[in-house]
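Structure first, then comments.
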Amino acid sequence: MAEPTLDALLHESRRFEPPADLAAAANAQPALYDAGSVNRIAFWEEQARWLWWDQPWTTPLVWDPPYAQWFVGGRLNACVNAVDRHVVAGFGDKVAFHWVADAEATTRTITYGELQREVCKAANGLLSLGVEAGDRVAVYMPMIPETIFTILACARIGAPHNVVFCGFSADALRGRILDADARVVVTTDAQMRRGKSTPVKPAVDEAVAQCPDVRTVVVVRRTGEDVSWTEGRDVWWHDVVDTQLDTHQPEAFDAEHPLFMMYTSGTTARPKGILHTTGGYLTQVAATHRYVFDLKPDRDVYWCAADIGWITGHSYIVYGPLCNGATSLLYEGTPHPEDQDRWWKLIEKYKVTILYTAPTTIRTLMKWGHEILEPYDLSSLRVLGSVGEPINPEAWVWYRTYVGGGRTPVVDTWWQTETGAIMITPLPGVTATKPGAAMTPFPGISADVVDNDGKPVPDGGGGFLVLTEPWPSMLRGIWGDDTRYRETYWSRFDNVYFAGDGAKKDEDGDIWLLGRVDDVMNISGHRISTTEVEHALVGHPAVAEAAVVGATDPTTGQAIVAFVTPRGNVAEDESKGDAFVQALRAQVAKEIGPIAKPRQILVTPELPKTRSGKIMRRLLRDIAENRELGDVTTLLDPTVTDMIRTNLSESGGAGGDEA
Ligand code: PRX
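Written out as structure tokens, the structure reads:
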């Protein structure tokens with residue numbers, strides 16, 4: 002019999018029931034939902050008991066909207082929960098990570114016992130540099146084991162880490178170091194990318210040159226790249242860490258002790274330092290990891306292919322899996338066209354059972370064709386996860402059909418840097434799945450879709466996603482900006498959390514996420530604000546004004562399209578040239594990072610504005626996506642849009658390709 006085509010699968014299979022064999026043995030059983038709804042707080046207390054507490058909490062939740070404290074009075078150490086307790090329980094020889102360098106150039110297997118020793122050395126190293134509980138430590142590191150050692154060492158001594166994704170520029174790093182007031186930065190000489198050593202330290206040097214309070218930069222030797230050195234400030238990891246004792250007596254911290262901050266884009270040019278604390282965060286990342294991926298620590302090999310520099314890496318490479326005693330694959334590389342079968346080789350070789358990645362990656366692998374994966378045995382896979390952006394049904398069905406061999410549940414998990422952990426997701430073995438739907442809130446989570454007035458929409462309706470009750474891993478604030486915390490999340494509707502996402506409930510009441518409703522774009526699962534990119538563009542001396550929109554893109558979900566008006570003193574032929582567009586793209590890469598480079602930049606003498614002077618982004622979005630223009634009655638000068646359209650077709654949509 003001929004195999005059904007992807008198209009047929011997509012149109013016939015709107016719903017996949019949980020496989021019976023999985024349902025019988027799954028960590029999550031239907032009663033979990035009942036427990037979460039009968040008594041939400043008792044449910045979370047039950048989850049918190051999976052952790053090791055030096056001192057139990059006295060009150061599970063103090064909710065003084067919009068401020069939550071979870072497990073009040075409890076004391077614990079995050080690193081002990083992630084590492085030491087597994088060693089104490091006799092699992093010191095169990096593998097925590099199979100680290101695989103870029104293009105499999107080298108590998109390293111790290112057991113829980115070794116992880117404990119490495120983390121103790123790193124903790125002693127940080128202490129020897131004068132780092133104390135409460136001090137922020139900036140981490141600008143690629144996907145190497147030392148990044149995990151550093152994060153856990155910070156947690157062990159109570160120093161909140163501030164990890165900055167290595168793809169961010171020196172300017173972006175500087176902003177995050179200064180905002181967090183970090184005095185110590187941990188980095189590497191270079192990282193491996195596509196088989197090549199790519200320098201990392203120069204960005205730190207440039208950033209730190211204007212951070213007078215940074216006293217120490219710790220440098221891991223990753224590739225042996227030559228680096229410039231500032232005596233008295235720069236120290237090698239092998240001098241500071243490798244020379245330390247491999248034991249360290251941990252201290253218990255308050256459940257609300259800050260664990261880390263993670264900067265993310267909002268609707269203004271300045272990123273927000275999202276603050277997470279210890280007890281509630283660990284409770285929810287561990288519980289969600291256990292149930293959403295059906296993690297069985299004694300037999301699973303789990304692979305979260307995100308970067309540690311984002312929240313997914315924090316929650317589902319580091320804290321969640323380690324708290325559950327998982328064995329993980331940690332891969333330094335990213336998929337690229339000259340290495341199309343690497344992922345499938347790795348899954349076969351390490352017998353990966355659970356894979357967690359982003360729709361952009363799935364679409365890229367899909368573009369390369371399922372023939373690439375056919376020679377490989379992927380039968381070890383049993384759960385597939387997706388995160389970071391809405392997953393289109395085609396990619397979902399492809400993922401399940403070809404990667405999952407038509408057997409595996411696909412869990413589309415919705416959450417955010419701010420939520421700290423997964424919030425809306427199916428549970429394998431319990432929840433049916435539908436291609437493209439995140440389905441239903443995790444047990445103990447209250448979410449809804451509301452209209453403009455904050456009223457829940459009926460099934461079949463669309464609106465804004467809100468979270469109606471506090472949850473353990475919720476952000477505790479924005480570092481140094483309480484007003485922004487209240488305004489961004491809690492002012493749109495009374496005492497409910499506004500996520501900034503559009504959503505709909507289908508006829509069965511299942512939730513589908515529809516993308517951002519604010520000026521935040523989602524490029525390959527990375528959050529970038531339009532204002533941030535506009536700010537970078539107007540930083541160029543030849544730019545008078547810039548407007549940025551996210552346009553639909555078949556691979557990256559959204560792509561950045563910028564409209565730029567040059568200053569009057571810039572000659573027309575100069576501003577029309579490709580060199581000008583390239584200079585602008587370079588400017589964005591410098592201020593933010595290569596991930597924020599616009600796919601397309603259109604130079605235009607004017608931008609469409611309302612009579613009150615507001616740029617009409619909606620029109621620009623329509624132009625960028627080549628749609629019929631909607632209502633233009635409020636437009637000051639209707640000829641402007643025609644002019645932009647003409648320029649766009651003349652430029653042939655030029656402006657750049659690689660993001
Ligand atoms: O718009 C939603 C989208 O990503 C945003 C959060 O981005 P960030 O804080 O960088 O965290 C990404 C990893 C958790 C959300 O506001 N998003 C995330 N997951 C999904 C999603 N959109 C649709 N479906 C998802 N599963």
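Per the numbering used here, residue 2 is the first one in the sequence shown, and the count goes up by one each step. Backbone N, C-alpha and C fix where the C-beta goes; we use that ideal spot for every residue, glycine too. Quick caveat: nothing in here was measured; it's all calculated off a predicted structure.
For A660, name the three-state secondary structure that DSSP assigns. Translated into positions along the sequence shown, residue 660 becomes position 659. Confidence is the limiting factor: at A660 the pLDDT is only 33, short of 50, which leaves the residue's position unreliable and the question unanswerable from this model.
Which same chain residues end up closer than 6 Å to W345 when comparing Cβ atoms and leaving out the 5 residues on each side of it in sequence? Numbered from its first residue, the sequence shown carries residue 345 at position 344. Within the same chain, W345 has close Cβ partners L374, Y377.
Is D8 helix, strand or coil by DSSP? Counting from one through the sequence shown, the residue named residue 8 turns up at place 7. Correct three-state label for D8: helix.
Please identify the residue among P146, M262, R222, Y141 whose C-alpha is closest to the C-alpha of V205. What you label residue 205 is simply residue 204 of the sequence shown in a count that begins at 1. Nearest to V205 by alpha-carbon distance, out of P146, M262, R222, Y141, is Y141.
Residue nearest to Y351 in terms of C-alpha spacing, selected from W100, P606, A9: As a working mapping, residue 351 is identified with position 350 in the sequence shown. Per the Cα distances, W100.
Going by C-alpha distance, which of G281, P410, V388 is nearest A27? In the sequence shown, counting from the first residue as 1, residue 27 sits at position 26. When each option's Cα is compared against that of A27, the closest is P410.
If you draw a straight line from the C-alpha of V1 to the C-alpha of F494, how long is it? Outside the displayed span of the chain (2 to 660) sits residue 1, for which this structure offers no information.
Minimum C-alpha distance to G578 - residue among A154, A590, L603: Numbered from its first residue, the sequence shown carries residue 578 at position 577. Comparing Cα positions, the closest option is L603.
Quick one, which of P436, P429, I425, Q559 has its alpha-carbon nearest I446's? Locating residue 446 in the sequence shown gives position 445, counting from the first residue. Nearest C-alpha to I446: I425.
When the Cα atoms are used, what is the spatial distance from H249 to M262? What you label residue 249 is simply residue 248 of the sequence shown in a count that begins at 1. What you label residue 262 is simply residue 261 of the sequence shown in a count that begins at 1. Cα to Cα, H249 sits roughly 24 Å from M262.
Could you tell me which uninterrupted alpha helix (DSSP H) segments, each at least 4 residues in length, are contained entirely in the stretch 50-136, listed from first to last along the chain? Scanning the stretch 50-136 for uninterrupted alpha helix (DSSP H) segments of 4 residues or longer gives 113-129, listed from N- to C-terminal end.
Alpha-carbon spacing of D136 relative to G233, whole angstroms: Locating residue 136 in the sequence shown gives position 135, counting from the first residue. Locating residue 233 in the sequence shown gives position 232, counting from the first residue. About 20 Å.
Host alpha helix (DSSP H) of F581 (start-end): Position 580 of the sequence shown, counted from the first residue, corresponds to residue 581. Run containing F581: 579-592, per the alpha helix (DSSP H) assignment.
Through-space distance from P57 to P473, alpha-carbon basis: Within the sequence shown, residue 473 is the residue found at index 472, counting from 1. Within the sequence shown, residue 57 is the residue found at index 56, counting from 1. The straight-line gap from Cα to Cα measures roughly 16 Å.
Which residues are close to the ligand PRX, meaning CB closer than 7 Å to any heavy atom, in chain order? T265, W311, I312, T313, S387, V388, G389, E390, P391, I392, D413, T414, W415, W416, Q417, T418, E419, A439, A500, G501, D502, L514, G516, R517, N523, G526, H527, R528
Relative to the ligand NAP, is the shortest distance from any of its heavy atoms to the C-beta of T107 smaller than 6 Å? This structure lacks the ligand NAP; the ligands present are the ligand PRX.
Give me the DSSP bridge partner(s) of V186. Taking the first residue of the sequence shown as 1, we reach residue 186 at position 185. Partner(s): A139, V218.
Of all the options N40, I596, G614, which has the alpha carbon lying nearest to the alpha carbon of R173? Here the question's residue 173 lines up with position 172 in the sequence shown. The question names Arg, but residue 173 is Ala in the sequence shown. For A173, the nearest C-alpha among the options comes from I596.
What is the rounded straight-line gap between the Cα of R177 and the Cα of Y264? As a first step, residue 177 is located in the sequence shown; it is residue number 176 there, counting from the start. As a first step, residue 264 is located in the sequence shown; it is residue number 263 there, counting from the start. Their Cα atoms are separated by approximately 7 Å.
Rounded to a whole number of angstroms, what is the C-alpha to C-alpha distance between R157 and H315? Within the sequence shown, the letter at position 156 stands for residue 157. Within the sequence shown, the letter at position 314 stands for residue 315. Their backbone Cα atoms lie some 15 Å apart in a straight line.
Which ranges does the beta strand (DSSP E) cover as unbroken runs of at least 3 residues, wholly within the stretch 433-466, from first to last along the chain? 448-451
What three-state label does DSSP hand G654 in the structure shown? For the purposes of this step, residue 654 is taken as residue 653 along the sequence shown, with counting starting at 1. Here G654 scores only 44 on pLDDT, less than 50, and its place in the model should not be relied on; the value that follows carries that caveat. In the structure shown, G654 sits in coil (DSSP, three-state: anything other than H, G, I, E or B).
Can you give the Cα-Cα distance for L52 and V186, rounded to whole angstroms? Residue 52 sits at position 51 when you count from the first residue of the sequence shown. Residue 186 sits at position 185 when you count from the first residue of the sequence shown. Roughly 30 Å between the two C-alpha positions.
Continuous alpha helix (DSSP H) stretch holding M522: start and end: Start at 1 with the first residue of the sequence shown, and residue 522 comes out as number 521. First-last for M522: 521-524, but that is the beta strand (DSSP E), not the alpha helix (DSSP H).
Can you give me the start and stop residues for the beta strand (DSSP E) that F499 sits inside? Along the sequence shown, one-based indexing puts residue 499 at 498. Here the beta strand (DSSP E) through F499 covers 498-506.
Outcome for G464 when other beta-carbon atoms lying within 10 angstroms are tallied against a minimum of 16: As a working note, residue 464 is residue 463 in the sequence shown. G464 is buried by the Cβ-count criterion.
Cβ-Cβ distance between T434 and F17 below 7 Å: Sequence index remark: in the sequence shown, residue 434 carries index 433 (1-based). Sequence index remark: in the sequence shown, residue 17 carries index 16 (1-based). Result yes, Cβ atoms of T434 and F17 sit closer than 7 Å.
For V544: DSSP bridge partner residues: As a first step, residue 544 is located in the sequence shown; it is residue number 543 there, counting from the start. Bridge partners of V544: P567.
I need the DSSP call for P595, collapsed to helix, strand or coil. To locate residue 595, count along the sequence shown from 1; it is residue 594. Looking at P595 - three-state DSSP - the assignment turns out to be helix.
Just confirm the distance between the C-beta atoms of D215 and T188, as a whole number of angstroms; I'd bet it's less than 8 Å. Here residue 215 is taken as the residue at index 214 of the sequence shown, counted from 1. Here residue 188 is taken as the residue at index 187 of the sequence shown, counted from 1. Rather than Asp, the amino acid found at residue 215 in this sequence is Val. Going by Cβ atoms, the distance from V215 to T188 rounds to 11 Å, so no, they are not a contact pair.
Which same chain residues end up closer than 8 Å to V412 when comparing Cβ atoms and leaving out the 5 residues on each side of it in sequence? As a working mapping, residue 412 is identified with position 411 in the sequence shown. Around V412: V293, F294, V384, L385, G386, S387, T426, P427, L428, P429, T434.
Nearest to T361 (by Cα), restricted to the options P336, T354, D574, V353: Position 360 of the sequence shown holds residue 361. The option with the nearest alpha carbon to T361 is P336.
Take D308 and list the residues in its own chain whose beta-carbon comes closer than 7 Å to its own, dropping the five residues that flank it on each side. Within the sequence shown, the letter at position 307 stands for residue 308. Closer than 7 Å at Cβ, skipping near neighbours: M144, F166, G314.
Rounded Cβ spacing between V550 and T268 (contact assumed at less than 8 Å): The sequence position of residue 550 within the sequence shown is 549, counting from 1. The sequence position of residue 268 within the sequence shown is 267, counting from 1. Actually they do not touch by this definition, with Cβ atoms about 14 Å apart.
Quick test of your reading: V132 and L153, contact by CB under 8 Å. State the CB separation rounded to the nearest angstrom. The residue you call residue 132 lines up with position 131 of the sequence shown. The residue you call residue 153 lines up with position 152 of the sequence shown. Cβ-Cβ separation between V132 and L153: approximately 14 Å, too far for a contact (criterion under 8 Å).
Residue range of the beta strand (DSSP E) that includes A204: Taking the sequence shown and counting its residues from 1, the one referred to as residue 204 is at position 203. Not the beta strand (DSSP E): A204 falls in the alpha helix (DSSP H), residues 202-209.
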